[in-house]
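Undergrad: The structure is given below, and queries will be raised subsequently.
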Amino acid sequence: MRFVAGEMIFSCRGGSKSNNLDHRDQGQVLMDVDLIRTFLQVAKTRHFRKAAEQLFLTQSAVSARIKLLEERLGAKLFERSKHQVSLTTAGVRFLSHAENLMASWVVACQEVRLPEHTSASIVAGATDTLWNIFLTDWMIEASLLDPTMMIRAELHTADSLMPSLLDGSIDVAVMFDAPALPRLHVEELGSVPLMMVCNREDTSADEALSTRFIDVDWGESFAVAMQQHLGTAVPVFLHTTVGKVALEMILKSGGAAYLPEPMVAGHIASRNLFPVAGTPVIVRPAYAALLAGREGDALLSQMVTLMKGCLERRL
């Protein structure tokens, strides 16, 4: 069924729905995919030059692609002015269809490249810290559960997860802060306790915060909780979005940071790290996000349940 939407790419222009495409038809489908990809990039950036830079094209090539797409659809998609580009009513209507078509194309490309012996496939994306905490365990358990399943693990920044999920590049995104979007189905996997640790024993909160404190970006809700408990004027030695970077810095050169308990438990047991006295444990829920409508997929449902179990065993 996933190929049906892909067929819409060329059936919209009056092409054959046959799967036995000749070389000219195949080239036409690929060109249409490029037109849709270009439309989505312009819609995202609201700027032809920025879209061209991100697509590694010239601005004139982007303009030509949009013009050709508008001619094929018989509708103007963008209003252009000296300072901005905005979607027309037709452009707004086409946007969700373009996103769905692009997602179907990505899925189709992924599936046709699978080895013949593969029973199923899943693409999971998450930040470095979540892979380190429990998702590597999940990947191992999932591969043991079904050795013929193809798993692709992708490392993402917090900012790149949502675009990759929405365009169909990944099947499931695991994150701390899950946006409330109608297009998403979100499930809580469990709660990860974050605790402040340092490399010196018997360190007070004031001492830890005033000397080489490393600020790890654990999302907006964590930042709010930290301000409530510790105040807003916290001097910061280093900012990072990667928990492992903060951990290595503290172990090798000293300092303090809020880090996930599963990540630091072994170091605390071996007395390489110490909890900072008088600081609260801040709990962060971890979520799995799928495109709405895919929560009924038996494989995805099974994999999300397995993720919950892996996280529970690490806590």
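Quick note on numbering: this note's numbering labels position 203 of the sequence shown as 212, and the sequence is numbered without any gaps.
Positions of the beta carbon are idealized from the N, C-alpha and C atoms, including for glycine.
Given the structure is predicted, the values throughout are model-derived calculations rather than measurements.
Given a threshold of 16 other Cβ atoms within 10 Å of its Cβ, counted over all protein chains shown, does Ala232 qualify as buried or as exposed?
TA: Taking the sequence shown and counting its residues from 1, one reaches residue 232 at position 223. When all chains shown are included, Ala232 counts as exposed.
Undergrad: Quick check on this structure: which residue in Gly275, Thr249, Asp226 has the alpha carbon closest to the alpha carbon of Leu324?
TA: Counting from 1 along the sequence shown, the entry for residue 324 is found at position 315. For Leu324, the nearest C-alpha among the options comes from Gly275.
Undergrad: Check for me: the beta strand (DSSP E) holding Pro269 runs from which residue to which?
TA: In the sequence shown, the residue the question calls residue 269 occupies position 260. Residues 265 to 269.
Undergrad: If you run the structure through DSSP and keep just helix, strand and coil, what is Val251?
TA: Translated into the one-based positions of the sequence shown, residue 251 becomes position 242. Of the three classes helix, strand and coil, the one that applies to Val251 here is coil, per DSSP.
Undergrad: Leaving out the 5 sequence neighbours to the left and right, which residues in its chain are closer than 8 Å to Glu229 when beta-carbon positions are compared?
TA: As a working note, residue 229 is residue 220 in the sequence shown. Counting only Cβ-Cβ distances below 8 Å, and skipping sequence neighbours, we find Asp186.
Undergrad: If you count every other CB in all the chains shown that lies within 10 Å of the CB of Asp180, and 16 or more means buried, which is it?
TA: Against the sequence shown, residue 180 aligns to sequence position 171. The residue is buried, with at least 16 neighbouring Cβ atoms inside 10 Å.
Undergrad: In three-state DSSP terms, what is His238?
TA: Here residue 238 corresponds to residue number 229 of the sequence shown, with the count starting at 1. Reduced to three states, the DSSP call for His238 is helix.
Undergrad: Can you tell me where the alpha helix (DSSP H) with Glu149 in it begins and where it stops?
TA: As a position in the sequence shown, residue 149 is number 140, starting the count at 1. A small fix is needed here, since residue 149 is Ile in this sequence, not Glu. Start and end: 145 to 154.
Undergrad: Give me the residue from Gln236, Asn141, Arg280 with the minimum Cα distance to Leu164.
TA: The sequence position of residue 164 within the sequence shown is 155, counting from 1. For the residues Gln236, Asn141, Arg280, the minimum Cα distance to Leu164 belongs to Asn141.
Undergrad: To the nearest whole angstrom, what separates the beta carbons of Val101 and Glu196, a pair I think is in contact under 8 Å?
TA: To locate residue 101, count along the sequence shown from 1; it is residue 92. To locate residue 196, count along the sequence shown from 1; it is residue 187. That belief does not hold up - the Cβ atoms of Val101 and Glu196 are roughly 30 Å apart, past 8 Å.
Undergrad: Take Gly252 as the anchor and find which of Val206, Ala278, Gln236, Leu239 has the nearest alpha-carbon.
TA: If you number the sequence shown from 1, residue 252 lands on position 243. The option with the nearest alpha carbon to Gly252 is Val206.
Undergrad: If Met204 and Tyr267 are in contact, beta carbons under 8 Å, what's the gap, nearest whole angstrom?
TA: By 1-based counting over the sequence shown, the position of residue 204 is 195. By 1-based counting over the sequence shown, the position of residue 267 is 258. Confirmed, Cβ separation roughly 7 Å.
Undergrad: I need the straight-line Cα distance from Ile291 to Arg89, nearest angstrom please.
TA: As a first step, residue 291 must be located in the sequence shown, where it is residue number 282. As a first step, residue 89 must be located in the sequence shown, where it is residue number 80. Taking the straight line from one Cα to the other gives about 48 Å.
Undergrad: In three-state DSSP terms, what is Leu96?
TA: Taking the first residue of the sequence shown as position 1, residue 96 is located at position 87. It is a strand residue.
Undergrad: For Asp224, does the three-state DSSP call read helix, strand or coil?
TA: Taking the sequence shown and counting its residues from 1, the one referred to as residue 224 is at position 215. Reduced to three states, the DSSP call for Asp224 is strand.
Undergrad: Would Ile149 be called buried (16 or more neighbouring beta carbons within 10 Å of its own) or exposed?
TA: The residue given as residue 149 occupies position 140 in the sequence shown. With fewer than 16 Cβ atoms within 10 Å of its Cβ, Ile149 is classed as exposed.
Undergrad: May I ask you to check if the CB of Ser113 is nearer than 8 Å to at least one heavy atom of the ligand MN?
TA: By its list of ligands, the structure shown contains no ligand whatsoever, and the ligand MN lies outside what it can speak to.
Undergrad: DSSP three-state call for Ser72: helix, strand or coil?
TA: Here residue 72 refers to the residue found at position 63 when the sequence shown is read from its first residue. Looking at Ser72 - three-state DSSP - the assignment turns out to be helix.
Undergrad: Checking 9 Å against the spacing of the C-beta atoms, do Ala298 and Leu174 come in under that value?
TA: Translated into positions along the sequence shown, residue 298 becomes position 289. Translated into positions along the sequence shown, residue 174 becomes position 165. Contact flag set, yes.
Undergrad: For Arg58, which of Pro188, Gln68, Leu64, Leu144 has the nearest alpha-carbon?
TA: For the purposes of this step, residue 58 is taken as residue 49 along the sequence shown, with counting starting at 1. Nearest C-alpha to Arg58: Gln68.
Undergrad: Taking Arg161 as the reference, which of Thr47, Ser113, Ala129 has the closest Cα?
TA: Position 152 of the sequence shown, counted from the start, is the residue given in the question as residue 161. Arg161 has its Cα closest to that of Ala129, out of Thr47, Ser113, Ala129.
Undergrad: Under three-state DSSP, which class holds Leu309?
TA: The residue given as residue 309 occupies position 300 in the sequence shown. In this structure, Leu309 counts as helix in the three-state DSSP scheme.
Undergrad: By DSSP's criteria, Glu163 is part of a beta bridge. Which residues make up the other side?
TA: Within the sequence shown, numbered from 1, the residue matching residue 163 stands at position 154. DSSP output for Glu163 lists Gly134 as bridge partner(s).
Undergrad: By DSSP, does Phe246 sit in helix, in strand, or in coil?
TA: The sequence position of residue 246 within the sequence shown is 237, counting from 1. Here Phe246 sits in coil by DSSP.
Undergrad: Please state whether DSSP places Ala187 in a helix, a strand or coil.
TA: Sequence index remark: in the sequence shown, residue 187 carries index 178 (1-based). Three-state DSSP puts Ala187 in coil, outside helix and strand.
Undergrad: Report yes if the CB atom of Val201 is closer than 9 Å to the CB atom of Leu308, and no otherwise.
TA: Taking the first residue of the sequence shown as position 1, residue 201 is located at position 192. Taking the first residue of the sequence shown as position 1, residue 308 is located at position 299. Not a contact, by the Cβ cut-off of 9 Å.
Undergrad: Return the first residue and the last residue of the beta strand (DSSP E) that Ala298 is part of.
TA: By one-based count along the sequence shown, residue 298 stands at place 289. Its beta strand (DSSP E) spans residues 291 to 300.
Undergrad: Along the chain, where does the beta strand (DSSP E) containing Arg89 start, and where does it finish?
TA: The residue you call residue 89 lines up with position 80 of the sequence shown. Here the beta strand (DSSP E) through Arg89 covers 87 to 89.
Undergrad: In the DSSP assignment, find the unbroken alpha helix (DSSP H) run with Gly210 in it and report its ends.
TA: Sequence index remark: in the sequence shown, residue 210 carries index 201 (1-based). Per the sequence shown, the amino acid found at residue 210 is Glu instead of Gly. Looking at the DSSP string, Glu210 is not in any alpha helix (DSSP H), and its letter there is neither H nor E.
Undergrad: Taking CB distances under 9 Å as the criterion, tell me whether Leu247 reaches chain E.
TA: The structure shown has no chain E; it contains just one protein chain.
Undergrad: Since Met205 sits in a beta bridge, which residues does DSSP pair it with?
TA: On the sequence shown, residue 205 is found 196 positions in, with the first residue counted as 1. Paired residue(s): Tyr267.
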